[in-house]
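The listed protein sequences derive, respectively, from chains A and B. Here the first sequence is numbered in this note's numbering, starting from 99 and rising by one per residue. Here the second sequence is numbered in this note's numbering, starting from 3 and rising by one per residue. Glycine residues also receive a C-beta, built at the ideal position from the N, C-alpha and C atoms. The model shown is predicted, which means the values in this text are computed figures rather than measured ones.
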Amino acid sequence: MTSNDRKVGPIPMDASLPGLKPTAKPAAQAMRTSPKRAVERGMQAVFLLCGLISIGFVLFISVYLILSGIPAIAQIGPTKFLFGTTWASTAAEPQFGILPFILTSIYGTAGAILIGVPVGFLTAVFLAKAAPPRLAAVVRPAIELLAGIPSVVYGLIGMMVLVPAVRELFHLPDGASLFCAILVLAVMILPSIVSVSETALQAVPREYEEASLALGATEIETYFRVSVPAAKSGIAASIVMGIGRAIGEAMAVIMVAGNVANMPSLFSSVRFLTTAVASEMSYAAVGSLQQQALFSIALVLFLFIMLINVILNSLLKRGGDD
Amino acid sequence: MGTQTLSGSRRAYDRILRALLYLSALLTCALLLFIIGYIFIKGLPHVTWELLSTKPSYIKDSIGILPNIVNTVFIVAVTLVITLPLGVGAAVYLTEYAQNRRLVAAIEFATETLTGIPSIIFGLVGMLFFCNFLSLGKSLLAGALTLVIMTLPTIIRTTQESLKTVPQSYREGALGLGSGKWHMIRTIVLPASIDGIVTGCILAVGRIVGESAALLFTAGMGMTLNDLFTANGFLHSSGATLTVALYVYAKERAEFDVAFGIAAILMLLTLVINLAAKLVGRRLRQN
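See the structure below:
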């Protein structure tokens, strides 16, 4: 999608207007002495600056996180930090092992994907192909609405409905657990999976499907054996996007996951990378090793996200080139 | 497996998958209906005029969310005022000026990256830079500046989309009549793509209203009514927006009625914002 934009973006000005350049040049020469030309130049610089600003922001965030995340890792030791299984930041002899957070984030995301992707994918196929247009016109805005609901609202519902239900159902002392977080995250990633997959499925050329139908395949066979394989890079992109959303979500998770730094298991209270940062940041003393370790956790999270972004970009590019 | 092995299994495949398609769409819709219904049933009875128009008072032992509403409006306004020119400018550069494909690719990659960064990271960097380094402290201004970085990609993308829909002949006509490029952009291109810019604004407002993690450490959790019209109040007052207030009331103070009331208001806002974006988007497609 983005690479498509890139192709149609700046080119038409040059490509479709070959005659413009020569006519524009004398005009520019005429303006050489006038203040108009200075304005033109100035505005071009201003727009360039606006364009560069997002690169600036990304560089700024990366550099800032690396600079503030490295000291604690260096002090604690990279292996001890990444693979230590105990997090006791406020103990008399503090320990800073973030393996529980890393594993919880990975398990939680995997669980959310496991539940959210099948439902989201099938809903996308339904919307793009199988649904009567009238029904699709009702379901589609519903999914957009689901995407717009603030994460704290998801957290509130999880906290008031899901957590007590899980406690009752599985006879636990406290329902706040990895399991609840997985369910909430699964619902939260649903909209992005549906909308990105649906866009990819809509883009499949009609001829592919017509050919398959003409050869005697049923509609459903056509959708799953022709349309879906043709849209696979878009669908993969939707999954990667879901992973990114799930791994980065903080507020909904902090309300349902219980927030104790345990090694992850399905029904125990856990902390994700995001919630580890969020839950201690407000009281960590400025400049303390504890606060710096929190920056290091954020750095680890950031590296995960950057990896996901790179994968996502290459998937989208491949989708655009097909 | 009977006598009609092939057609029987194909029929089963067809039936099962069709059922699954309908089932998952039904599940998605049921989820949404449940969420909306639950929030409204639990929340709307607590949305009273008193809740909306007062501030929390220990003396009367009452809770009001007027400060949070004011804070939300303030943050939305300040963020938009800054992010809108920056985002529209970037989109204009990308569609009208940029010649260097590599630079365009780099800018678009950066924009994509910004979209993917989780809000808690924005919150953290915002806290380090705006609150500590620029010594704004925990303040609404620091929160708004953090959200500028967050909402920039939304504005850039929607503006870019609508700039592309402006017919090339408009530009040719303007340039052919001797207009300069900036004059053409100001008088022809931008007015023609105003719908897209408005859509971008609406989406950005949605993002700001729903944001909480990035604001928790930058704008703080204050529940008092700020005087935002003095220089000091503008720069340094800290306060919780609606979402942050929901979090604080639900998680830290166990005031669930208030939390549900705020949730109902947020749901209403989300509905309105979605509807508005849809209406403007439809106008955009008609043009």
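By the C-beta density criterion, A/Tyr381 is exposed, having fewer than 16 other C-beta atoms within 10 angstroms. Under the 7 Å criterion on CB atoms, B/Gly182 is classed as interfacial with respect to chain A. Residue contact with chain B for A/Leu201: absent (no Cβ-Cβ distance below 7 Å to any residue of chain B). With fewer than three CB-CB distances shorter than 8 Å, the stretch 255 to 267 of chain A does not count as touching the stretch 189 to 197 of chain A.
Straight across, the Cα-Cα distance linking B/Pro47 with B/Thr243 is about 21 Å. Taking B/Gly45 as the centre and dropping the five residues before and after it, the same chain places the C-beta of Phe262, Gly263, Ala265 and Ala266 closer than 7 Å to its C-beta, in chain order. Taking C-beta atoms under 8 Å as the contact rule, B/Tyr24 and A/Phe224 qualify, at a distance of about 7 Å. It is roughly 7 Å from the alpha-carbon of B/Gly139 to the alpha-carbon of B/Phe132. In the three-state reduction of the DSSP assignment, A/Ser394 falls in the helix class, which pools H, G and I.
A Cβ-Cβ contact shorter than 7 Å links B/Thr201 with B/Gly283.
Boundaries of the alpha helix (DSSP H) around B/His185: Lys183 to Met186.
Cα atoms of A/Ala210 and A/Leu283: separation of roughly 6 Å, rounded to the nearest angstrom. A direct Cα-Cα distance of roughly 30 Å separates B/Ala32 from B/Arg12. Taking a contact to require three or more Cβ pairs closer than 8 Å, the stretch 143 to 159 of chain A and the stretch 103 to 112 of chain B qualify as touching. Beyond the five residues adjoining it in sequence on each side, B/Leu147 comes within less than 6 Å, by CB distance, of Phe132 in the same chain, given in chain order.
Counting only runs of 4+ residues, the alpha helix (DSSP H) found wholly inside the stretch 173 to 241 of chain B occupies 183 to 186, 196 to 212, 215 to 218 and 233 to 238, in chain order. When Cβ-Cβ separations below 7 Å define contact, B/Thr30 makes contact with chain A. Relative to the Cα of A/Ala374, the nearest Cα in the group A/Ala359, A/Ser367 and A/Gly385 belongs to A/Ala359. In this structure, B/Leu218 lies near B/Val246, with their beta-carbon atoms less than 7 Å apart.
In this structure A/Ser275 does not touch A/Ile333 by the C-beta definition: roughly 30 Å separates them, more than the 8 Å allowed.
For the pair A/Phe322 and B/Ile123, the CB atoms are not nearer than the 7 Å cut-off.
DSSP places A/Val368 in the strand class (E or B) of the three-state scheme.
Using a Cβ distance threshold of 7 Å, B/Leu165 and B/Ala93 count as a contacting pair. In the three-state reduction of the DSSP assignment, A/Ser152 falls in the helix class. With at least 16 other beta carbons inside 10 angstroms of its own, A/Ile406 counts as buried. Within the same chain, Met223, Met225 and Ala242 come within 8 Å of B/Val250 by CB-CB distance, once the 5 residues on both sides are set aside. Inter-residue distance for A/Glu317 and A/Ala222 is about 15 Å (C-alpha atoms, whole angstroms). In the three-state reduction of the DSSP assignment, B/Ser64 falls in the strand class, which pools E and B. The Cβ atoms of A/Leu244 and B/Leu248 lie no closer than 7 Å to each other.
The C-beta of A/Phe277 comes no closer than 7 Å to any C-beta of chain B.
For the C-beta of B/Phe258, the chain A residues within less than 8 Å are, from N- to C-terminus, Met258. In this structure, the beta-carbon distance from B/Ser121 to B/Glu213 falls below 7 Å. In this structure, the straight-line span from the alpha carbon of A/Pro230 to that of A/Pro239 is close to 15 Å. The shortest C-alpha to C-alpha distance from A/Lys415 to any of A/Glu308, A/Ser366 and A/Lys330 is the one to A/Lys330.
Contacts between A/Gln142 and chain B, judged by CB atoms closer than 8 Å, involve Tyr99, Lys183 and Trp184 in chain order. By the neighbour-count criterion, in which a residue is buried when 16 or more other Cβ atoms sit within 10 angstroms of its Cβ, B/Trp51 is exposed.
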